[in-house]
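J.:
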Amino acid sequence: MSIASEAIGEQKKAAVNIVRNTWPLKKIQALFDLPFNDLLFKAHTIHRENFDPNAVQISTLLSIKTGACPEDCSYCPQSVRYDTGLEKEALMEIRAVVDAAKEAKANGASRFCMGAAWRSPKDRDLNKVTKMVEEVKALGMETCVTLGMLEDGQAKQLKDAGLDYYNHNIDTSEDYYKEVITTRTYQDRLDTIDTVRNAGINVCSGGIVGMGEASDDRAKMLQTLANMEHPPESVPINKLVQVKGTPLDGAEAIDSLEFIKTIAVARILMPTSQVRLSAGRSDMTDEMQAMCFFAGANSIFYGDQLLTTENPEESADHQLFKRLGIYPATA
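Per full-length UniProt numbering, residue 1 is the first one in the sequence shown, and the count goes up by one each step.
Now the structure itself:
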């Protein structure tokens with residue numbers, strides 16, 4: 001290839017990146033308005049251009065510290081403000097976390113995610129978490145944590161321990177956010193994502209749908225993620241799991257086709273990101289999950305529990321993968 005051809009190629013790549021990172025809201029809304037088959041065809045085509053369409057990355061999520069969170073997220077049973085019957089638990093011992101990671105790896109997980117119900121971690125607790133990261137990393141697994149808001153020094157400490165991903169969801173659109181959470185601002189969330197990115201850690205950030213938001217809110221949420229200077233490497237799309245005692249218990253459930261469309265639009269806007277089919281899979285039929293995989297979802301949480309809510313049993317996932325000809329992606 002000539003130098004001139006290489007230059008043209010680089011210019012094309014740059015142009016693609018500029019378009020991808022400057023999605024106007026009207027274009028995103030237009031994607032949601034496409035005929036369903038046209039949207040899925042477009043999303044699946046883009047998916048095939050960037051990923052093996054039959055490989056799904058498997059993550060396992062463990063709650064390493066449960067309950068007593070001071071935040072007021074309306075969907076979360078871990079908030080100290082809501083009576084959900086959840087028993088609070090202290091930070092787990094390192095050995096118990098490593099044993100859980102070993103089991104997850106044996107069951108096919110390539111990434112081990114650890115979640116703690118904190119507004120932000122105290123340094124003494126973070127020291128224990130960094131040790132967990134080091135030991136799980138030594139097993140040959142990718143590591144991810146979600147610990148709340150971080151300071152620069154804390155992010156660097158996690159990076160030095162070998163952390164691969166930090167999860168910090170934006171949850172919904174900036175406009176709708178205040179209807180769901182009042183104890184932390186939208187900008188707080190974006191600042192934490194910047195802190196993680198600046199430390200050189202991969203970002204895992206997505207949202208929750210089915211919280212009473214409008215279709216435009218889902219479009220705006222995806223716009224925020226896609227138009228980041230560096231879109232998240234991992235984008236979890238959660239379907240609200242309603243928990244008795246939380247303010248969102250009884251919210252009108254999102255239509256199944258609308259959820260699949262959200263997966264498809266996420267794939268189109270963020271073609272090289274892993275789009276994770278996250279919470280809410282217990283309420284999804286096999287057919288709905290299959291359509292999500294076709295639409296561009298290529299990551300799941302595996303195991304019978306996600307922090308404090310149910311997830312399909314491992315055997316059910318094995319059976320579904322076998323029926324669909326899907327296999328676990330390697331790290």
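We treat Cβ as the ideally placed atom computed from N, Cα and C, and that holds for glycine.
Which of helix, strand or coil does DSSP assign to residue 213?
T.: Here residue 213 is taken as the residue at index 213 of the sequence shown, counted from 1. DSSP places residue 213 in coil when its eight states are reduced to three.
J.: Is residue 144 near residue 113, with beta carbons less than 8 Å apart?
T.: Locating residue 144 in the sequence shown gives position 144, counting from the first residue. Locating residue 113 in the sequence shown gives position 113, counting from the first residue. Yes, the Cβ-Cβ distance between residue 144 and residue 113 is below 8 Å.
J.: Just mark residue 307 as buried or exposed, buried being the case when its beta carbon has 16 or more other beta carbons within 10 Å.
T.: By 1-based counting over the sequence shown, the position of residue 307 is 307. Note that residue 307 scores a pLDDT of 46, beneath 50, so its modelled location is shaky and nothing firm can be said.
J.: Assess contact between the region 113-130 and the region 145-154, defined as three or more Cβ pairs (one per stretch) separated by less than 8 Å. Is contact present?
T.: Taking 8 Å as the limit for Cβ pairs, the verdict is that the region 145-154 does touch the region 113-130.
J.: Tell me whether the region 231-243 and the region 200-215 touch, counting them as touching only if at least three CB pairs, one residue from each stretch, are closer than 8 Å.
T.: Touching, yes.
J.: CB residue 97 to CB residue 62, shorter than 8 Å?
T.: Within the sequence shown, the letter at position 97 stands for residue 97. Within the sequence shown, the letter at position 62 stands for residue 62. Yes. Within cutoff.
J.: Can you have a look at residue 169 and say buried or exposed, based on whether 16 or more other CB atoms are within 10 angstroms of its CB?
T.: The residue given as residue 169 occupies position 169 in the sequence shown. Residue 169 comes out buried.
J.: According to DSSP, is residue 256 helix, strand or coil?
T.: The sequence position of residue 256 within the sequence shown is 256, counting from 1. It is helical.
J.: Tell me which residue opens and which closes the beta strand (DSSP E) that residue 65 is part of.
T.: Working through the sequence shown from its first residue, we reach residue 65 at position 65. Start and end: 55-65.
J.: Taking 8 Å as the cut-off, decide whether the C-beta atoms of residue 325 and residue 107 are in contact.
T.: Working through the sequence shown from its first residue, we reach residue 325 at position 325. Working through the sequence shown from its first residue, we reach residue 107 at position 107. In this structure, residue 107 does not lie closer than 8 Å to residue 325 by Cβ.
J.: Looking only at its own chain, which residues have a Cβ that is under 7 Å from the Cβ of residue 295, when we skip the five neighbours before and after it?
T.: Here residue 295 corresponds to residue number 295 of the sequence shown, with the count starting at 1. 40, 43, 44, 260, 263, 264 and 267.
J.: Cα separation between residue 305 and residue 223?
T.: One-based indexing of the sequence shown puts residue 305 at position 305. One-based indexing of the sequence shown puts residue 223 at position 223. Summary for residue 305: the model assigns pLDDT 46, below 50, so the residue's position carries little reliability, and this model does not support an answer.
J.: Roughly how many whole angstroms lie between the Cα atoms of residue 75 and residue 52?
T.: To locate residue 75, count along the sequence shown from 1; it is residue 75. To locate residue 52, count along the sequence shown from 1; it is residue 52. Each residue's alpha carbon lies about 34 Å from the other.
J.: To which residues of the same chain is residue 272 closer than 6 Å at the C-beta, ignoring the five residues directly before and after it?
T.: Stepping through the sequence shown from its first residue, residue 272 is reached at position 272. Within the same chain, residue 272 has close Cβ partners 50.
J.: What beta strand (DSSP E) runs, 3 residues minimum, are completely inside the region 191-245?
T.: Listed in chain order, they are 202-204, 207-209 and 234-239.
J.: Whole angstroms are fine: how far does the CA of residue 220 sit from the CA of residue 253?
T.: Your numbering for residue 253 matches position 253 in the sequence shown. Your numbering for residue 220 matches position 220 in the sequence shown. Taking the straight line from one Cα to the other gives about 19 Å.
J.: What residues are listed by DSSP as bridge partners for residue 300?
T.: The residue given as residue 300 occupies position 300 in the sequence shown. In the DSSP output, where bridge partners are listed per residue, residue 300 has 58 and 277.
J.: Looking only at C-alpha atoms, which of 161, 59, 257 and 180 sits nearest to residue 200?
T.: Translated into the one-based positions of the sequence shown, residue 200 becomes position 200. When only C-alpha atoms are compared, the closest one is 161.
J.: Closest to residue 216 by C-alpha separation, out of 23, 179 and 32, would be which residue?
T.: On the sequence shown, position 216 is the one that residue 216 refers to. Nearest C-alpha to residue 216: 32.
J.: By the DSSP assignment, the beta strand (DSSP E) with residue 111 in it spans what residues?
T.: Translated into the one-based positions of the sequence shown, residue 111 becomes position 111. Segment 111-116, the beta strand (DSSP E) holding residue 111.
J.: Given a threshold of 16 other Cβ atoms within 10 Å of its Cβ, counted over all protein chains shown, does residue 158 qualify as buried or as exposed?
T.: Taking the sequence shown and counting its residues from 1, the one referred to as residue 158 is at position 158. Buried, since its Cβ has 16 or more Cβ neighbours within 10 Å.
J.: So, helix, strand or coil for residue 145, using DSSP?
T.: Position 145 of the sequence shown, counted from the first residue, corresponds to residue 145. Reduced to three states, the DSSP call for residue 145 is strand.
J.: Check for me: the alpha helix (DSSP H) holding residue 75 runs from which residue to which?
T.: As a first step, residue 75 is located in the sequence shown; it is residue number 75 there, counting from the start. It is not in any alpha helix (DSSP H) - residue 75 carries neither H nor E in the DSSP assignment.
J.: Which residues bound the beta strand (DSSP E) around residue 50?
T.: To locate residue 50, count along the sequence shown from 1; it is residue 50. That residue, residue 50, is in no beta strand (DSSP E); its alpha helix (DSSP H) goes 36-50.
J.: Near residue 330, what residues of its chain come up, given a Cβ to Cβ distance below 6 Å and the 5 sequence neighbours on each side ignored?
T.: As a position in the sequence shown, residue 330 is number 330, starting the count at 1. Answer for residue 330: no residue qualifies.
J.: Would you mind giving the Cβ-Cβ distance between residue 211 and residue 180, rounded to the nearest angstrom? I have them listed as a contact below 8 Å.
T.: Numbered from 1 along the sequence shown, position 211 holds the residue referred to as residue 211. Numbered from 1 along the sequence shown, position 180 holds the residue referred to as residue 180. Indeed they touch by this definition, with Cβ atoms about 6 Å apart.
J.: Taking DSSP's pairing of strands, which residues face residue 166 in a bridge?
T.: Mapped onto the sequence shown, residue 166 falls at position 166. Bridge partners of residue 166: 145 and 203.
J.: Use the C-beta contact count for residue 281: other C-beta atoms within 10 angstroms, 16 or more gives buried, fewer gives exposed.
T.: To locate residue 281, count along the sequence shown from 1; it is residue 281. Classification for residue 281: buried.
J.: My understanding is that residue 25 touches residue 65, with C-beta atoms under 8 Å, so please give their C-beta distance in whole angstroms.
T.: Within the sequence shown, the letter at position 25 stands for residue 25. Within the sequence shown, the letter at position 65 stands for residue 65. Not confirmed; about 38 Å, so no contact.
J.: Quick one, which of 327, 194, 300 and 119 has its alpha-carbon nearest residue 111's?
T.: Start at 1 with the first residue of the sequence shown, and residue 111 comes out as number 111. Considering only alpha carbons, the answer is 300.
J.: Keeping to the same chain, check which residues put their C-beta closer than 7 Å to that of residue 327; ignore five residues upstream and five downstream.
T.: By 1-based counting over the sequence shown, the position of residue 327 is 327. These residues qualify, in order along the chain: 54, 55 and 321.
J.: What would DSSP say about residue 171, mapped onto helix, strand or coil?
T.: Sequence index remark: in the sequence shown, residue 171 carries index 171 (1-based). Residue 171 falls in the strand class under three-state DSSP.
J.: Between which two residues does the alpha helix (DSSP H) harbouring residue 180 extend?
T.: As a working note, residue 180 is residue 180 in the sequence shown. Neither: residue 180 is in no alpha helix (DSSP H) and is coded neither H nor E.
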